Structure formats: structure tokens, C-alpha cells
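Quick note, the numbering used here runs 2 ahead of the 1-based positions in the sequence shown.
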Amino acid sequence: MELFELPAWKLGKMMESGEVTAVEVVESVLSRIEEREEILHCYNEVYGEEALQEAEEIDKRRKGGEKLPPFAGIPVAVKDNICVKGKDITCSSKILKGFISPYDATVIRKIKSQKMIIIGRTNMDEFAMGSSTENSAYGVTRNPLDTSKVPGGSSGGSAAAVASGEAIVALGSDTGGSIRQPAAFCGVVGFKPTYGLVSRYGLIAFASSLDQIGPITKDVRDAAAMLEIIAGKDNYDSTSLPVKVPHYSTMLEDDISEIRVGIMEEYNAEGVSEEVIEGIEEVIDIFRTMRVNVKSVSFPHMEYALPCYYIIAPAEASSNLARYDGVQYGISEETVEDIRELYRKVRTSGFGKEVKRRIMMGTYVLSSGYYDAFYLKAQKVRTLIRHDFERAFKDVDVIIGPTSPTVAFGIGERTADPISMYLSDIFTIPANLAGISAISIPLFKDGNLPVGIHIVGKALGEIDILKVSYKLEQELKERGLYHGI
Ligand code: GLN
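Right, here's the structure in full:
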């Protein structure tokens, strides 16, 4: 096995015992990048030389007998909407071309304090709007499992990097599914934490009441460890929760017989593909043979989640993206007569089609005369969706369903029809609207593209999700339904 194929927790142990060096780990990942990047395009930029220098420094300190954190020397890929001081940050948009992050995001400060090595910034849908990474101003990313397919989105670069071994772990952001759906498409693990568990300070805002940063990893153990690193109260984010972060990774092997597992009744709704339904049924079967009680739970307002999201998210986006004015942020234009012309020129050439569509939708639903009919109504529907979950969580502790209605689709297949693209997130969006936690873990069968198994938990229900998904992962391994990279 090559080093780039291993999860972070294993590599961390191997580095600590002296079996391998950080330089060897970084070199392995860089050689993989060399080999695959031209086709896959996971990255907008790779920091090869710096990463090697940092690795040398870590090896020196380890050799000198210094005890370093468990993930010291692990290469981590960072989505191009999370600020890393002194580095470019583009959100895969032309409008931010050449913009340099003036500070570190809180999550970056945390991973740097663990001495993890940032290997590059990953490609994404522009401003995180999309489900395929085709809405990038810098070219599409391809799915490493089948390069004719999309990697999902918007954190497609991060998911593809982890799946291909171009990174060991990655950070993504999830507003309506952007960590979980690409993780599902690429066959890796993606975790969206409870809203407020991870600081958003230094994450470029898309829809602030929905956005969360989370890890994309090769297995559940790495997801737990990464979550421990990045979570926690932060005074720089007023929505961050004042909670003590549990030691998730030490609880993974705990007994799960007390955890009540629910199955989302709507998993075989119209539009859900046969292989996805089979995947969920396989999982139900696994739980039954594990003698875990599974119970069906229903979501009466599920069908309203997508339209509700496509009012709230664009509304918030239209406000957040107003700052790209060509004066304080964004590319500038020298040959303009007045400020209006500046705005028009900068925003016309700087934003892509999908971002413009969202800004227009958002501006429309917030405009006077329409506000009550759309935005206010959507907020009420959001409450109903939250209530659906509250009701379900009286009977169960976690809810299982598909991450996405289909496996990875073809490049170009949905670009002409935004609604078909939006439908890809129908199962992930409700968790963002309710602000609760959720994971996607992959199920591989018969050499086909993986099916993402979505496990949703309560607000701050990370522990239950991680325990259940860890057990499920073990079972999948045993049945030959799981493969690493
Ligand atoms: N695909 C959804 C959208 O386009 C979700 C994106 C996300 O989670 N950032 O808005």
C-alpha cells in the first residue's frame, strides 16, 4: 500500500513511531498529485515546496525528541473559500482573482496549531453554489472513480483530492450538502457538524444561517479526529456554540445498542435511483442482523425543503455578495465613468452564471412587496421542517437515508437544467435548514459507483452519528461493501 492511500490516524501513528517521516508522507501525496492532477484538477493551487519544508521541520523536531500532536505532518487540502493567511483565496470566482487572505480562519489556526500541513486550496463551485464543481471559473474537477463523472459539489475538489490520494484529509463547507454530496459521489466520508459547532470565522460567506465547515476524510475515525481539532467556541463568530468539544475518537467503539435508529420513510421517493434504494435496503438489513432496532420515521414537510432552501440561501447570498463591488473587494476596472458603471462592469465580468442567478433570485425574494410572500413564508416553512426533525427525534436518535438520490452523474449532464442540479441536494438540505448534524459514508457494491449513506443526528448529536457510522463502516468492510482509495 502507498502512503497516500492511508488514513491520517494510521499515518500519524507511523510517523510517531518513526516508521515513516513527514517528508515521506508529503512526497507520497505530491507524487500522486503529479500523477493525477492533470486529469482530475482537484486544486486551484498546490503548495508543494512549502509543504515539504514544513515536513522537514516536523521531522527535525520529532527526531529531536519533541512530542508533537497526533496529526502533525498530515497533509490537509483546504477548500478555496477558507482563509489561509498570505495565500490567494478565490472561491473559484473570477471576481476574487488575486485576492490574498489577510488572516487565518479559526479552523486554519487550529489545524496549524496541530502542525498539520496545508497542501493546497481546492476547486469548488463558484462561491459554493452548485452540486458538481462545474460552476468554477477555473475549470471542472473530475471524479477520481470515473473521470467521465462529476465529483459532486460544491466541495468537489476536496472530496476528489481525498478520494484520489491527492490529500490525506480535507476541509469543505456545507450550506445545503456541499460536504456530504461530493463525499458520497467520490466514495469518502463527509461530515457536516451542527450549526455553530465549528467557527465560520474566515469562511467566505454564502448563506450565513446555513454555512458550516466540516471534514472530508477516508474513514469515520479520521472524521472524528478532524472534528475534534476544528470544533469549539470562538469569540470571533457570534453564532458559535459555547460547548465543550467531546473526545469523539475515544468513543467510536462504544456500544450502540442504546442508540435508536430511524429510517427515513421517503428514501424511495420518485427520482431516487434503483441502486440508491438497494444501498439503503442493504444498510437496513445490516442493522437488523446487528440486532439494532430500526424504525421508520416520516417527514411530512420534506417536499418543501428544496423550495424553502432556494429562497433562503439566495436571499442571504444576495446580501453577502453585495460586498464584491470592485472598490473594497473584487477585481477592479479603471475605465469607468461613475460608480454604477463600475459595479455593473465588475459584477458582470466577475461573477459566473449560477452566482448571478442566485443574486437575482435573492434580490427578488427580498424586494418590497414580495418579502412576505417568499422570504417570510420560507422562514415559516423552515420552522416546520425543524419541527419534523424534533418530532422524529422523540422516537429515534439518528435517521438514515440516502445522501443523494443518485450516484455521481456525468459531466455536462445537468448543467443546462438548474432544477435537475438542485434536486441532487434534496436529502441533504433539510439538515442545514434545521441546523443539525449529518454524515455521509460510502457503500460500494459490485464495482459500481458508491452510494452515499446519510446519517442525520440531533443538534450536537455528533457522538451518536459517529458511533453508528463507525459500526456501519466496520460491517461494510466485513461484507466487502467498502473500499478505501
Ligand atoms: N448544491 C447546493 C447549492 O447549490 C448546496 C451548496 C452548498 O452546500 N454550498 O446551493
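Built from N, CA and C at the ideal position, the CB exists for glycine as well.
No experiment lies behind these values; they were computed from the predicted model shown.
Using a Cβ-Cβ distance cut-off of 8 Å, the region 442-457 and the region 321-330 are not in contact, since fewer than three pairs of beta carbons, one from each stretch, lie closer than that value. Residue burial annotation: Val-245 is exposed, with fewer than 16 other C-beta atoms found within 10 angstroms of its C-beta.
The DSSP-derived three-state label of Glu-415 is coil.
Phe-193 has its CB no nearer than 7 Å to any heavy atom of the ligand GLN. Nearest in C-alpha terms to Leu-435, of all of Ile-361, Leu-308 and Met-363, is Leu-308. Excluding the 5 residues flanking it on each side, Glu-56 has same chain C-beta neighbours closer than 7 Å at Ile-119, in chain order.
Apart from sequence neighbours up to five positions away, the residues of its chain that approach Glu-277 with a beta-carbon distance below 7 Å are Val-409, Asn-450 and Val-453, ordered along the chain. Assignment of Arg-144 by DSSP, reduced to helix, strand and coil, places it in the coil class.
If you check the C-beta of Asp-427 against the ligand GLN, you find a heavy atom less than 7 Å away.
Look at the region 9-59 and you find these whole runs of alpha helix (DSSP H), each 4 residues long or longer: 10-19 and 24-42.
Taking 3 residues as the shortest admissible run, the region 342-409 contains the following complete beta strand (DSSP E) segments, listed from N- to C-terminal end: 400-404.
Relative to the non-hydrogen atoms of the ligand GLN, the Cβ of Ala-172 never comes closer than 7 Å to any of them. Counting only runs of 4+ residues, the alpha helix (DSSP H) found wholly inside the region 131-184 occupies 158-166, in chain order.
The three-state secondary structure of Leu-70, taken from DSSP, is coil.
Annotated three-state conformation of Ala-319 is helix, per DSSP. For Phe-208, the shortest separation between its Cβ and any heavy atom of the ligand GLN lies below 7 Å.
Beyond the five residues adjoining it in sequence on each side, Leu-386 comes within less than 8 Å, by CB distance, of His-303 and Tyr-306 in the same chain, given in chain order.
Here Ile-258 really is in contact with Val-470; their C-beta atoms are around 6 Å apart, less than 8 Å.
Considered as a whole, the region 279-321 harbours 296-299 as its complete beta strand (DSSP E) runs of no fewer than 3 residues, in chain order. The beta-carbon distance between Ala-186 and Thr-417, rounded to whole angstroms, is 20 Å. This is too long to meet the 8 Å contact definition.
Between the ligand GLN and the CB of Gly-132, the shortest heavy atom gap is smaller than 7 Å. Annotation for Ala-233 indicates a beta carbon at 7 Å or more from all heavy atoms of the ligand GLN. Around the CB of Asp-82, 16 or more other CB atoms lie within 10 Å, so the residue is classed as buried. Membership of Ala-433 in the alpha helix (DSSP H) is indicated by the continuous run 431-436. Of the residues assessed, His-249 falls on the exposed side of the cut-off, its CB having fewer than 16 other CB atoms within 10 angstroms.
Contact annotation, Gly-179 with Ile-431: C-beta distance approximately 6 Å; criterion of less than 8 Å satisfied.
The Cβ-Cβ distance between Val-190 and Lys-235 does not fall below 8 Å. Secondary structure note for Ala-79: its beta strand (DSSP E) is the uninterrupted segment 77-81.
Arg-293 has its alpha-carbon roughly 43 Å from the corresponding atom of Tyr-203.
One Cα belongs to Phe-429, the other to Pro-407, and the distance between them is close to 8 Å. Not one heavy atom of the ligand GLN is found less than 7 Å from the C-beta of Asp-82.
DSSP places Arg-223 inside the alpha helix (DSSP H), whose first and last residues are 222-232. In this structure, Thr-241 lies away from Leu-212, with their beta-carbon atoms at least 8 Å apart. When secondary structure is reduced to three states using DSSP, Ala-324 falls in the helix class.
Spatial neighbours of Ser-334 in its own chain (CB-CB distance under 6 Å, excluding positions within 5 residues in sequence) are listed in chain order as Gly-328.
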